[in-house]
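Chemist:
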Ligand SMILES: NC(=O)c1ccc[n+]([C@@H]2O[C@H](COP(=O)([O-])OP(=O)(O)OC[C@H]3O[C@@H](n4cnc5c(N)ncnc54)[C@H](O)[C@@H]3O)[C@@H](O)[C@H]2O)c1
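Numbering (this note's numbering), first residue to last: 2 to 408.
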């Protein structure tokens with residue numbers, strides 16, 4: 002396993018960190034992502050990765066790779082825009098990129114037809130032209146059959162169905178990259194990571210990409226960072242790719258808490274406290290259930306940066322604020338406010354609570370627990386701060402200060 006960690010302060014006067022592990026699986030993915038060009042006009046990330054990749058293995062081989070994007074929502078369409086354009090200028094990639102589109106009818110016309118004729122996903126990423134080599138396909142098997150790289154970017158609640166549809170229908174040599182944020186419930190009171198579900202059901206390796214990446218801003222090609230977690234297939238490594246993925250899922254729960262604070266008009270100090278406690282619960286969650294991960298992972302884009310952007314700019318925050326102000330149900334607001342987009346926070350809170358409850362650990366994660374109870378209407382949003390006043394984080398601090406006073 003190799004870990005490359007870069008901070009390019011000199012070049013852009015802006016902290017730019019990029020965390021990646023090179024491995025057999027990641028060679029192809031990184032070669033592609035290398036050209037995803039998250040940073041507009043700033044080629045530093047590309048340059049760095051090209052150097053890394055050239056110095057690693059023969060990823061720049063003459064083999065032509067085909068890419069399929071499984072998903073076409075807000076994030077899927079933004080990624081399609083970037084991947085579609087980048088494969089055009091790379092010799093190693095098939096120019097045609099398939100994008101699985103869950104078929105819907107918009108103003109009497111199929112969404113796949115609209116995308117293929119106008120090159121715009123008018124429902125999920127309006128105002129952005131997709132490259133013409135991105136082809137919308139309503140049949141996921143047809144879209145994925147020839148792919149060497151499968152980019153999974155659907156709301157997590159649909160992943161099991163997609164996997165069972167694709168089982169035995171994809172190339173056995175294909176590799177996966179999950180951009181999906183969320184969990185699934187595991188039998189017996191646990192949770193299952195989405196990348197593990199993909200690996201297990203499709204029998205392929207699956208890396209993850211998580212970060213402070215609001216789709217609209219990525220589509221506009223504004224500067225951003227991201228984190229890739231990837232398991233080395235040859236040696237046993239510390240499971241940080243799990244931590245990367247878990248951060249992506251848990252931050253959506255915290256974003257609901259931030260939205261409740263906004264809805265209640267509690268102010269920026271309270272919101273900062275909720276974000277901080279949320280981060281501490283995220284760290285504790287990984288420590289308890291996926292021990293061995295590194296604290297440093299939480300300070301990557303997938304951790305604190307994604308948490309902040311979601312607690313200020315994301316849809317979970319927005320709907321949670323409206324939930325407090327309007328007194329409508331979360332489901333009703335999701336339908337009214339998101340135009341078909343899916344909320345991940347409340348459902349992830351429910352999945353996490355399912356496990357915490359089974360293991361008798363709700364008290365150890367009071368913020369996650371309170372947010373879940375508020376989302377399902379068991380507790381009023383006004384009670385959130387009371388629920389977390391005795392947070393173990395505060396108790397530890399008190400004990401420490403008592404020790405200081407006594408000594
Ligand atoms: N939007 C973002 O800014 C962003 C950023 C990073 C990660 N993500 C993650 O990416 C994933 C996808 O989110 P998104 O924002 O692209 O989606 P979205 O919420 O914008 O859109 C919902 C998508 O689900 C599809 N869909 C609806 N019913 C379906 C079904 N039964 N089966 C399959 N698909 C169905 C819709 O066609 C649509 O493409 C999520 O896990 C999300 O957390 C999103």
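Every residue, glycine too, gets a C-beta built ideally from N, C-alpha and C.
Let's see if you can read the secondary structure: which residues bound the beta strand (DSSP E) around residue 227?
Modeler: Premise fails: residue 227 is in no beta strand (DSSP E) and is neither H nor E.
Chemist: Rounded to whole angstroms, what's the CA-CA distance from residue 349 to residue 65? Just pull it up for me.
Modeler: 38 Å
Chemist: Do you know offhand how far residue 258's Cα is from residue 301's?
Modeler: Taking the straight line from one Cα to the other gives about 22 Å.
Chemist: Hey, quick one: how far does the beta strand (DSSP E) through residue 345 stretch, first residue to last?
Modeler: That residue, residue 345, is in no beta strand (DSSP E); it is neither H nor E in DSSP.
Chemist: How about the stretch 193-209 and the stretch 362-377: do they share at least three Cβ pairs that are nearer than 8 Å?
Modeler: The answer is no - the stretch 362-377 does not touch the stretch 193-209, with fewer than three Cβ pairs under 8 Å.
Chemist: In this structure, how does DSSP classify residue 186 when only helix, strand and coil are distinguished?
Modeler: When DSSP states are grouped into helix, strand and coil, residue 186 belongs to the strand group.
Chemist: In chain order, what residues of the same chain have a beta carbon less than 7 Å from the beta carbon of residue 389, not counting five sequence neighbours either side?
Modeler: 278, 367, 368 and 371
Chemist: Terminal residues of the continuous beta strand (DSSP E) containing residue 165?
Modeler: Element bounds for residue 165: not the beta strand (DSSP E) but the alpha helix (DSSP H), 160-167.
Chemist: So residue 369 is in the alpha helix (DSSP H); what residue range does that whole segment cover?
Modeler: 367-376
Chemist: My output table needs one value for residue 16: the three-state DSSP class, helix, strand or coil.
Modeler: Because the pLDDT of residue 16 is 28, which lies under 50, any placement of that residue in the model is unreliable, and the number read from its coordinates should be weighed accordingly. The three-state secondary structure of residue 16, taken from DSSP, is coil.
Chemist: Is residue 133 helix, strand or coil by DSSP?
Modeler: coil
Chemist: Is the distance from the Cβ of residue 245 to the Cβ of residue 303 below 8 Å?
Modeler: yes
Chemist: Put residue 101 into one of helix, strand or coil per three-state DSSP.
Modeler: strand
Chemist: Is residue 209 near ligand 3 - that is, is its Cβ less than 7 Å away from at least one heavy atom of it?
Modeler: No copy of ligand 3 appears in this structure; the ligands present are ligand 1.
Chemist: Go ahead and label residue 269 buried or exposed: buried means 16 or more other beta carbons lie within 10 angstroms of its beta carbon, across all protein chains shown.
Modeler: exposed
Chemist: Please classify residue 321: is it buried, with 16 or more other beta-carbons within 10 angstroms of its beta-carbon, or exposed?
Modeler: buried
Chemist: Do you know how far the Cα of residue 134 is from the Cα of residue 355?
Modeler: 43 Å
Chemist: Return helix, strand or coil for residue 56, following the three-state DSSP convention.
Modeler: Note that residue 56 has pLDDT 35, beneath the 50 cutoff, so the model's placement of it is unreliable and no number is given.
Chemist: Please name the residue in 250, 131, 103 and 121 whose C-alpha comes closest to that of residue 142.
Modeler: Comparing alpha-carbon positions, the option among 250, 131, 103 and 121 lying closest to residue 142 turns out to be 103.
Chemist: Alpha carbon to alpha carbon, how far is residue 283 from residue 396? Give it in angstroms, no decimals.
Modeler: 18 Å
Chemist: From residue 146 to residue 265, what does the alpha carbon distance come to, in whole angstroms?
Modeler: 49 Å
Chemist: Please state the DSSP three-state secondary structure of residue 208.
Modeler: strand
Chemist: Taking 7 Å as the cut-off, is the beta-carbon of residue 155 closer than that to any non-hydrogen atom of ligand 1?
Modeler: yes
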